[in-house]
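One structure is given here, and the rest of the page talks about it.
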Amino acid sequence: MRFTLRMAALAVVAGLTCPLFAQSTDRTDVAFHAARKKETVDGDLKGAIEAYKKLVQSGRNPAIAAKALVRMGDCYERLGDAEARKAYERVVREFGNQKEAVAAANARLAALAKDVGSSGVRVVSRSTPGLRLGVIGPSPDGRYLLQRDVTGKLLELRNLDTDKVQTLPRRGPAWNAAFSPDGRQVAYAIQGSSAPEVWIVGTDGARDRLLWAHVKDGGITIAGWSPDAKQVILQASERRKPTKLVAVSTAEGSATTLREGTWLGDLQLSPDGRYVSFTPSQEKPSPDEIRLFSLTDRSEVTVLRDMGTARDPRWTPDSSGILFLSDRRSPGKSWDLWLLRLSGGKPLDRPQLVKTDLGAGSKPVPLKDLTRDGAYFYQDPQKMFREILTTAFDPVTGKAVGSPAPLHPHGGTSFSPTLSHDGRRLAYFRGGSEEDGLSLVVRSVDTGEETSVSTSLRNVLGRLFPDGRSLLISTSDLKDGTGFYRMGTTTGLATLLKRAPVCEWFDVASDGKTIYYSRRVSNSRTALFVWNIETGEERELLTARGQGPQGEIIFHLSPDEKQLAISGWEGGEWFLELASVAGADRRTVLRASEPVYVAGWWPDGRYLLLESGPNYPGELQRVPVGGGERQSLGLKSAGSPGKLVVHPDGRRIDYINRPNKAQIWSLENFLPKPSK
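Residue numbers (the working numbering): 643 to 1318.
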């Protein structure tokens, strides 16, 4: 009897402690995701480290503690702190039974040991609170960043010491730009009123002048300034003609052709002015060579091959080597920074590994230029984060009810929401930062239940077909090539419908066969097309208004499918207009001095939804289709204009949030010391 009572008591204790243990486990898991959010979304590395420390100290969940130590080590690495090694060593020493965490820690310890010149190497955060995603590069002295403004149209100069931003004179949307060797001038390429142009402006905003104009159907890429600043070397393309490499005099604007042939990718002039480095990007799907063109004798030589994909070659300040990204160590999975040393335009030896893990999957980090001191600027790959937020809405007051909440609360990227025509199913793509591919998720709006299927996709946009059983997607990640595909929502299987460049703005009509999409017809013209996927018939509907280059027309099809709402930029103003699907009638709804992006229609067709505002992030608003006062929805949209879903009853809005957490880092003191 006593034994029975004891066992009963133990059973009661077990019944009480098991739920408590489960709750504790759940709490540590939630705390870990909160720390990850602080790290990857908020960009607060120091705050994330403190949060991870608490998880390790609590000792409640060894698996979470080991993962937290690995994340701590990564945060320390990005801060240039030697504590990173200690965190990884502790994982190996104290958590030997956590195999995945130990493997990750050992991999990072091995990478740290292999990094070139690891003694004294520093990784420094150059981020500032208002940093844009559109960073072009640093000034030669490393004090300034040249960036595009939130509209993508203007050039800004950001002082990294004071965080002050100066807008350079507006001449049109800047394609690309380059600092002069002394850092006092900027050359930038724009699409002018009739032809591409190159302008020069002082970094103080003065002496803005036209340097050179090209043909109407062409494009310009700036390779750099000559060391004496007397020439700007650029690449000029012209429709149906060979691409030219041109030297333009900064004094008189006269041009000398240096080379004619195919388009050169990733081109950059060496600091000594003797070579232009480039990748032959048009010859193969992925560049696997780096070549040099000599400005002295007009010869061309291959200096690198057989390194896997090679991207973004950048010269060292003394022109003695080229840094580049390659996935050779882990093809298709991770990207590393390598250094190829040169002498007389020829490689001295095999490339050296400089830094590991500068990007994952198919996307390496966007690399910038080096400063005179040899600091290598790059953009943190973990900050391109997106999530879908959902909020209740009162259609009477026109205001959001309560605070927005993430559609998927446990972290990871989620984007490209699309609603079925009956409003009962929401499809979107989801993927964590450590996943190889994205998952296609279909969510029941009524119950919240989700089904998902894994895909090999890493970059994709989609719209549900009316039957809700398939999705029209635009991607470059499938074996049949870049184009439009039909993807099954339960199988993830995709069938090619049409080869076409990756398209961001497209829509599916209710008949399930009429597709509206926009694409660039030439370097100076962008058009909107209507395409029947059953017959293959396609026709041009209308041409974009405004100053290019506009890669696509931002548009949304009306609920009755009779009109298109279009936003754009023209003559120094932003506009919102309506156009008939017949392509004839077009009328302006509003004009504004601040950015305006059409984001959709109200379900009854009476209002247009838009994102607007001079600052980042923008404000979500609505405006009557007949024009009039704009009304705030009481929501902020962070950096994905036009990506918004309104449910048919007008009582819920889902929209993409992409926090402005761009982070620029510089790798310093890593180059070999020049020989005396």
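For every residue, glycine included, the Cβ atom is placed at its ideal position computed from N, Cα and C.
In this text the structure is predicted, and so the values were computed from the model without any measurement.
- Can you give the beta carbon distance from G1079 to S1058, rounded, assuming they're within the 8 Å contact cut? Not a contact, Cβ separation roughly 14 Å.
- Message: Quick check on K1318: buried or exposed, where buried means 16 or more other Cβ atoms within 10 Å of its Cβ?
- Response: Since pLDDT at K1318 reaches only 46, below the 50 mark, its modelled position is unreliable, and no value is offered.
- Item | For A878, the nearest candidate out of P959, P993, R1181 and N818 (CA to CA) | N818
- Boundaries of the alpha helix (DSSP H) in which R713 is found, first to last residue: P704 to R720
- Report all residues from its chain with a CB closer than 6 Å to the CB of D969; omit the five preceding and five following residues, and keep chain order. G950, T951 and W977
- Query: Can we say the stretch 1141 to 1157 touches the stretch 1113 to 1121, given the rule of at least three CB pairs closer than 8 Å?
  - Reply: yes
- Residue closest to I842, alpha-carbon to alpha-carbon, out of Q827, A855 and A1017: Q827
- Item | C-alpha gap between G825 and P959, whole angstroms | 14 Å
- With distances taken between CB atoms, is the gap from Y1239 to S1209 smaller than 7 Å? yes
- Query: Residues in its own chain within less than 8 Å of P869 by CB, not counting five upstream and five downstream?
  - Reply: P823, P913, D914 and G915
- Query: Per DSSP, what kind of secondary structure is F1312 in: helix, strand or coil?
  - Reply: coil
- Task: Below 7 Å CB to CB, which residues in the same chain sit around G963 once its five sequence neighbours on both sides are set aside?
- Result: L981, L982, R983 and L984
- Task: Within its chain, find whatever has a CB closer than 7 Å to the CB of G738; leave out the 5 residues flanking it on each side and keep chain order.
- Result: V744
- Item | Buried versus exposed call for Q699 [16 or more other C-beta atoms within 10 Å across all chains shown] | exposed
- Message: What does the alpha-carbon distance come out to for the pair T607 and T1055?
- Response: Given that the chain is displayed from residue 643 to residue 1318, the structure contains no residue 607 and the question cannot be resolved.
- Message: Within 10 Å of its beta-carbon, does A651 have 16 or more other beta-carbons around it, so buried, or fewer, so exposed?
- Response: Caution is warranted here: a pLDDT of 36 is assigned to A651, below 50, making its placement in the model unreliable, and no coordinate value can be reported.
- Selected residue, minimal CA-CA separation from I832, among R849, A848 and T863: T863
- Contacting residues, own chain, Cβ-Cβ under 6 Å from L911 (five flanking each side not counted): A865, G866, I875 and V918
- Message: Taking 7 Å as the threshold (C-beta atoms), are C717 and A690 in contact?
- Response: yes
- Item | Buried or exposed by the 16-neighbour rule on C-beta atoms within 10 Å, applied to E1271 | exposed
- Message: Just to confirm the assignment: which complete beta strand (DSSP E) runs, minimum length 3, are found wholly within the stretch 1095 to 1121?
- Response: 1102 to 1106 and 1112 to 1117
- Message: Can you check which of these residues, A889, A710 and S941, is closest to G987 by C-alpha distance?
- Response: S941
- Message: I need the straight-line Cα distance from M714 to A707, nearest angstrom please.
- Response: 10 Å
- Message: Am I right that G1247 and D1202 are in contact with their C-beta atoms under 8 Å? What's the rounded C-beta distance?
- Response: 6 Å
- Query: From what residue to what residue does the alpha helix (DSSP H) around Q699 run?
  - Reply: L687 to S700
- For the alpha helix (DSSP H) that K997 lies in, which residues bound it at each end? Segment Q994 to K997 is the beta strand (DSSP E) holding K997; no alpha helix (DSSP H) there.
- Task: Sort E894, A871, G903 and S896 by Cα distance to P884 and report the nearest one.
- Result: G903
- Query: Is the beta carbon of F1126 less than 7 Å from the beta carbon of L1135?
  - Reply: no
- Message: To the nearest angstrom, how far is the alpha carbon of R1348 from that of L1199?
- Response: There is no way to answer for residue 1348, as the model of the chain reaches only from 643 to 1318.
- How many Å lie between G1292 and A1042 at the Cα? 11 Å
- Task: Look at the alpha carbon of R971 and the alpha carbon of L965, and state the distance between them as a whole number of angstroms.
- Result: 16 Å
- Query: Given that a residue counts as buried once 16 or more other Cβ atoms are within 10 Å of its Cβ, and exposed if not, what is G784?
  - Reply: buried
- Task: Following the continuous alpha helix (DSSP H) through V1267, name the residue where it begins and the one where it ends.
- Result: Segment: none, V1267 is in no alpha helix (DSSP H) and carries neither H nor E.
- Item | N1299 - partner residues in DSSP beta bridges | E1029
- List the endpoints of the continuous beta strand (DSSP E) containing T729. In the sequence under discussion, the amino acid at residue 729 is Ala, which differs from the Thr named in the question. No beta strand (DSSP E) contains A729, which is instead part of the alpha helix (DSSP H) from E725 to E736.
- Item | Closest Cα partner of G1090 within the set T1032, K679 and V1038 | T1032
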